[in-house]
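First up is the structure itself, then whatever we jot down about it.
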Amino acid sequence: MAHAFTPAAVDRPPRRALDAPEILKARIDLAACFRMAAHLGLEEGICNHFSAVVPGHDDLFLVNPYGMSFDEIRASDLLICDFDGRVVAGEGRPEATAFFIHARLHALNPRAKVAFHTHMPNATALCMTEGEPLQWAGQTALKFYGRTAVDDHFNGLALDSSEGDRIARALGNADVLFLRNHGVMVTAPNIAEAWDDLYYLERAAQVQLKAMTSGQALVRVPDEIAQRCYEQMREGDPESARLHLESIKRRLARSAPDYAH
9 MAHAFTPAAV
19 DRPPRRALDA
29 PEILKARIDL
39 AACFRMAAHL
49 GLEEGICNHF
59 SAVVPGHDDL
69 FLVNPYGMSF
79 DEIRASDLLI
89 CDFDGRVVAG
99 EGRPEATAFF
109 IHARLHALNP
119 RAKVAFHTHM
129 PNATALCMTE
139 GEPLQWAGQT
149 ALKFYGRTAV
159 DDHFNGLALD
169 SSEGDRIARA
179 LGNADVLFLR
189 NHGVMVTAPN
199 IAEAWDDLYY
209 LERAAQVQLK
219 AMTSGQALVR
229 VPDEIAQRCY
239 EQMREGDPES
249 ARLHLESIKR
259 RLARSAPDYA
269 H
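Using the working numbering, you'd call the opening residue of the sequence shown number 9 and step up by one each time.
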C-alpha cells in the first residue's frame, strides 16, 4: 500500500550544519518512538510515518525512509527533507504519502513541530464508527478532551500536495486528528509529547472499544468534570511526557541498543 516518492536533486548543505547535538538528540528520540511503537503493535507494515521539524531549521523535517519497518529504524536512518521534497541528509527517500502529508502539515501548522501518523488498531477502529470517536467515558480519554478534530471526508491516498493541505486544514487548532476510514494523526510541540499522546490515545481507544463490547451503554463524564480533569492532566503533561520517553529509551538501551546508532 506504500508508494515511493521521487524527490528533486539538491546540493546538500555542509554536513556539520545538520549534525548539531540537538539534532542528534532529536534523531535518537524519534528512533526510540519508532522502535517502541513497533514493540506495541502501533505501526502497519511500512506504511506509517513519524516526522519532526529539525531543531534550528524550521524549513526541514526528519522522517522515516521508504521501505523500512519501524522495528529496524535507527537514528542514522532518518532522512532530513525540505518542504519541497528534497532529501538534504540521509540515504533513501520518503514514502510518498509521508511527504505529502507531513511537509504540508508542518508548513501550514507551524505549531505542529512533530507529527505521528499511524493506523494503530484501536484508534483506527474508532475512525470507522459513526459519531465522535472518543466518548469521554474513561479517565485516560480525558487527556484529549477538547483537543481532537475529525476529518469526515476520506479522499483516498494522499499522493499530492492538495490532499496534504486538506488534512492540515482539517487539523485546525486541534492536536489529534481522526481521519475517517483511515487512521490518526497526533501532533505536538516536541517528540516526547507526541509519543505520550500517541500511546495514551491508543490506550483510551482500547478501553472504550472493550467497554462497547459489553453491550452496556457508556457512562460519559459530565462536561464540567471532563474539562477539570483535562486541565489537571495537561498541567503535568510536559514533564510526564519527557519522563515517559526517557523510560522507553532505557528499555531500548537494554533490549535494542542499536536504535540510537
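The beta-carbon is built from N, C-alpha and C at its ideal position, and this holds for glycine as well.
Mind listing, in chain order, the continuous beta strand (DSSP E) runs of no fewer than 3 residues lying wholly within the region 154-214? Under the rule that a run must span 3 or more residues, the beta strand (DSSP E) segments found entirely inside the region 154-214 read 156-159, 184-187, 191-196.
Pick helix, strand or coil for residue 126, following the three-state DSSP scheme. Here residue 126 carries a strand assignment [DSSP, helix/strand/coil].
Cβ shell of residue 68 (< 6 Å), same chain only, five flanking positions each side left out: Residues of the same chain with a CB within less than 6 Å of the CB of residue 68, apart from the 5 flanking positions on each side, are 62, 88, 90 in chain order.
Taking the straight line between their C-alpha atoms, what separation do you get for residue 211 and residue 163? Spanning the alpha carbons of residue 211 and residue 163 requires a straight line of approximately 27 Å.
Distance check for residue 79 and residue 154, CA to CA, integer angstroms please. In this structure, the straight-line span from the alpha carbon of residue 154 to that of residue 79 is close to 33 Å.
What does residue 90 pair with, by DSSP beta-bridge criteria? The partner list for residue 90 (beta bridge, DSSP) reads 68.
Candidates 175, 207, 241, 110: which alpha carbon is nearest residue 51's? Out of 175, 207, 241, 110, the CA that lies nearest to the CA of residue 51 is found in 207.
Do the CB positions of residue 257 and residue 60 come within less than 9 Å of each other? Not a contact, by the Cβ cut-off of 9 Å.
Classification of residue 233 by the beta-carbon crowding that lies within 10 angstroms, buried from 16 upward: Counting every other CB atom within 10 Å of its CB across the protein chains shown gives residue 233 a total below 16, marking it as exposed.
For residue 100 versus residue 111, is the C-beta spacing smaller than 9 Å? Against a cut-off of 9 Å, the Cβ pair of residue 111 and residue 100 comes out as no contact.
Quick check on residue 188: buried or exposed, where buried means 16 or more other Cβ atoms within 10 Å of its Cβ? Buried, because 16 or more other Cβ atoms sit within 10 Å of the Cβ of residue 188.
Report yes or no: do three or more beta-carbon pairs, one from the region 197-207 and one from the region 248-264, lie closer than 8 Å? With a cut-off of 8 Å, the region 248-264 and the region 197-207 count as touching, because enough Cβ pairs lie within range.
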